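Participant:
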Amino acid sequence: MNQNKQAIKCDLCGGNPECVNVCTYGALSYSAYDKSAKEKRDKIFEHLKKSQAGLALQLNDLN
966 MNQNKQAIKC
976 DLCGGNPECV
986 NVCTYGALSY
996 SAYDKSAKEK
1006 RDKIFEHLKK
1016 SQAGLALQLN
1026 DLN
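First residue of the sequence shown? That's 966 in my numbering, and the numbers climb one at a time after it.
(1) Ends of the alpha helix (DSSP H) at N986?
(2) Give the straight-line distance between the Cα atoms of A997 and C975, rounded to the nearest whole angstrom.
(3) Which class does I973 belong to by DSSP, given the choice of helix, strand or coil?
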């Protein structure tokens, strides 16, 4: 933060982002990076890609 308490570039406030603490709407959250969660997202993404490819082939067969 600068002298006017304005964020210049987010540095995550040392792991406890102040913007999350002061957000009155609860719209912000912060959680540590979770490798297993990323692996799950990647698996889901791959599954969706395969299912979309199959759907595209089925739609092409209708034409």
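Each residue gets a CB set at the ideal place from its N, CA and C atoms; glycine is no exception. Note that this is a predicted model, so its numbers are computed, not measured.
Facilitator: According to the structure data:
(1) 983-987
(2) When rounded, the distance between both Cα atoms is 15 Å.
(3) Note: I973 maps to coil in three-state DSSP.
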